[in-house]
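Chains as they are written, first to last, in our numbering: chain W, 42 to 226; chain G, 3 to 568.
Below is one structure, written out as structure tokens, with a few remarks after it.
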């Protein structure tokens, strides 16, 4: 499995987890469960993880990286944290820490386990040396004329053989009084 | 002017019936738990009981369905025996993966509702157990303290918390395990992961085994409790609920007795599980049959052709096989379209090198080496299949439009070769009278291995004087300045500078509106099969065109769109 970028899967997993934590948190708070404070934490952590994981990173190996809809603005935010967001060891640690408070209450426990799994996959990605690179818009390079077009042409353009080049008598707008031959200029 | 019903009608009907059954099950089981038997249960947890049980019923139904569309061999068998059936019905079997995904989404949706409802249930059961005052909830929770079988509240002590209970009951633990498996399956099945890192998708998907095991044992603990039938007669909730403090002391209202629902899920899923086990056994048995590589050809643009022989192998045009190469990977099977015709004595696949497995296969087959390879050095292969896809139907239409984009031309290679053989053998059973073939390609290298085939077809048709039978167009969709200059200079020549064919290469994308219009004009009143193997965007475009150019009148021209997908 040499060419797999584990970070791509970790990213999908973490994004799903953010939603799960958020949902669990909302249930805990709206239902006024005991220990609802952990549910409130779940909401905050869920939103944070969603925002962090929404922008997809650029793929190292293969050609095109597919952006999620509207991820441009979040990419800029996430990029601004520099090495904290670029390094996957940091992300793995961050997710591991984020998962712990979720384990104290039933609605968030699923989110807790899922974040822990995402953290493990990120750890694997980090061990294999992957990094988060932002997908930036391509700058359109100006169309430059080629090197050879700096000087006026020195050779005549390619032409069809002479017999095809000669105008047909019927098509001529007027008839030349002096017949034209190949060697005339 | 469009006949949408012709193209999409039956699929829409299937989806509507499926949704209808889901809605029916949801509402029906919601109402079941409003019954008197569950009155006391609802005193403790309210409507959350129904909200948990209704999606559970839908989950039973959908988990039953999810295994069926992926029983490839079963579907092939059905397709084969459906030769006499209308084309419409067999076409539904092509959309099996789409259906599988829809059912999967539904499972995820119902799982979410089920879990949220149970979160409330656990919390409320816990609240009832923690009651200090003598409320009805307290009394109900105390029932069965001595004798463990007649209790109502599955949380039996007030010195615990919902999380602990979730992880120590069979239902809770199996639920968490199944849900985790489901989440991992879904995140690894996202399009990005599936298309780029097939192995992650394939291996993680096998967590479905854990999912199904968890599903089947989920109800064993029987923690959904209701009054026993006999108890309802003696302690009628409508009479006795208010007198909860006197239960057992008053002759009218003895202490109610409760029992759990026996597990039901296994009854739903046992059938498909058995079928699926059968399916895997068939795949395994087929894969053990001996396969010999007879020829390996490396083509430009990183394409590898493998010609193989297997005893008793029978194929139809455009089918695909799953290949395994044990020396590359013991566990991985990958699908490839067959590029040979049924009339040939071998079968072949063209494999494009895009990932680890294909790269290693290339090296194992000696792709890197220039000199001749001994036959015994070639790796052993296992083949499962062939499996039927839409191309089989090509020969059922009088007029066909074949559209292949890039590597998607492979099923049509098989079709065209078969056409060539039948032409050669003067096969009178050849139904198609006219074939329109469109090949869209980004780069010129990809032409070379296919150009030979088209060249021989071209000569063949010229000799027979039936040059009109096959009309093909090749579109070069990505080209740059240097290539354009080259074309301009060679414009007047008789053969195309890229392919060497008489038919010139066209540039850019085809104008489908015009193409469909022209073809509809040429063949009024005909049923025209449109076959595509290519990207989703193109499928949408062609599907729309097919619908738009089909006559509302049943006697008019009809375009029937068929799509391949992997």
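The C-beta atom is built at its ideal place from N, Cα and C for all residues, glycine as well.
Following the DSSP letters along the chain, one finds residue 149 of chain W inside the alpha helix (DSSP H) bounded by residues 147–168.
In this structure, DSSP gives residue 441 of chain G an extended state, which the three-state scheme calls strand.
In this structure, residue 359 of chain G places its C-beta atom within 8 Å of the C-beta atom of residue 331 of chain G. DSSP places residue 23 of chain G in the helix class (H, G or I) of the three-state scheme. In the DSSP assignment, residue 94 of chain W falls within the alpha helix (DSSP H) that extends over 77–94. Proximity to residue 149 of chain W across W/108, W/97, W/63 peaks at W/63, based on C-alpha coordinates. For the region 144–155 of chain W, the set of positions with a beta-carbon nearer than 8 Å to some beta-carbon of chain G reads 144, 145, 146, 147, 148, 150, 151, 154, 155 in chain order. Secondary structure note for residue 55 of chain G: its alpha helix (DSSP H) is the uninterrupted segment 50–68. Spanning the alpha carbons of residue 414 of chain G and residue 353 of chain G requires a straight line of approximately 15 Å. Taken in chain order, the complete alpha helix (DSSP H) segments of 4 or more residues contained in the region 148–172 of chain G are 164–170.
Boundaries of the alpha helix (DSSP H) around residue 242 of chain G: 239–242. Within chain W, the residues placing a beta-carbon under 9 Å from that of residue 190 of chain G are 50, 53, 54, ordered along the chain.
Within 7 Å of the CB of residue 74 of chain W, the CB atoms of chain G belong to 125, in sequence order along the chain. If you draw a straight line from the Cα of residue 302 of chain G to the Cα of residue 549 of chain G, it comes to about 38 Å.
Residue contact check for residue 84 of chain W against chain G: no CB pair falls below 8 Å. Within its own chain, the residues whose Cβ lies closer than 7 Å to the Cβ of residue 514 of chain G, once the five positions on either side in sequence are excluded, are 543, 544, 547, listed in chain order.
At a cut-off of 3 residues, the continuous stretches assigned as beta strand (DSSP E) that sit fully inside the region 282–331 of chain G are 293–301, 305–312, 322–326. Residues of chain W whose Cβ lies closer than 8 Å to the Cβ of residue 168 of chain G are, in chain order, 147, 150.
Per DSSP, reduced to three states, the secondary structure at residue 103 of chain G is helical. Collapsing the DSSP output to three states places residue 342 of chain G in coil. Sequence-distant Cβ neighbours of residue 101 of chain G in its own chain, meaning closer than 7 Å and more than five residues away, are 71.
Sequence-distant Cβ neighbours of residue 171 of chain G in its own chain, meaning closer than 6 Å and more than five residues away, are 223. Per DSSP, the unbroken alpha helix (DSSP H) holding residue 124 of chain W starts and ends at 124–127.
When secondary structure is reduced to three states using DSSP, residue 255 of chain G falls in the coil class, being assigned neither helix nor strand. A direct Cα-Cα distance of roughly 39 Å separates residue 229 of chain G from residue 58 of chain W. Here the region 122–140 of chain G makes no contact with the region 61–78 of chain G; the two share fewer than three CB pairs at distances below 8 Å. Look at residue 45 of chain W: its C-beta is under 8 Å from a C-beta on chain G. The C-beta of residue 278 of chain G comes no closer than 8 Å to any C-beta of chain W.
When only Cα atoms are considered, residue 324 of chain G and residue 417 of chain G end up about 19 Å apart. A straight-line Cα-Cα distance of about 6 Å links residue 406 of chain G and residue 536 of chain G. CA-to-CA, the gap between residue 300 of chain G and residue 409 of chain G works out to about 15 Å. If you compare the alpha carbons of G/75, G/426, G/270 with that of residue 465 of chain G, the shortest gap goes to G/426. When rounded, the separation of the alpha-carbon atoms in residue 292 of chain G and residue 215 of chain G is 34 Å. Among the CB atoms of chain W, one or more fall inside 8 Å of the CB of residue 164 of chain G. Boundaries for residue 141 of chain W: no beta strand (DSSP E) harbours it, and the DSSP string shows neither H nor E there.
Taking a C-beta distance under 8 Å as the contact criterion, residue 97 of chain W and residue 112 of chain W qualify as a contact pair.
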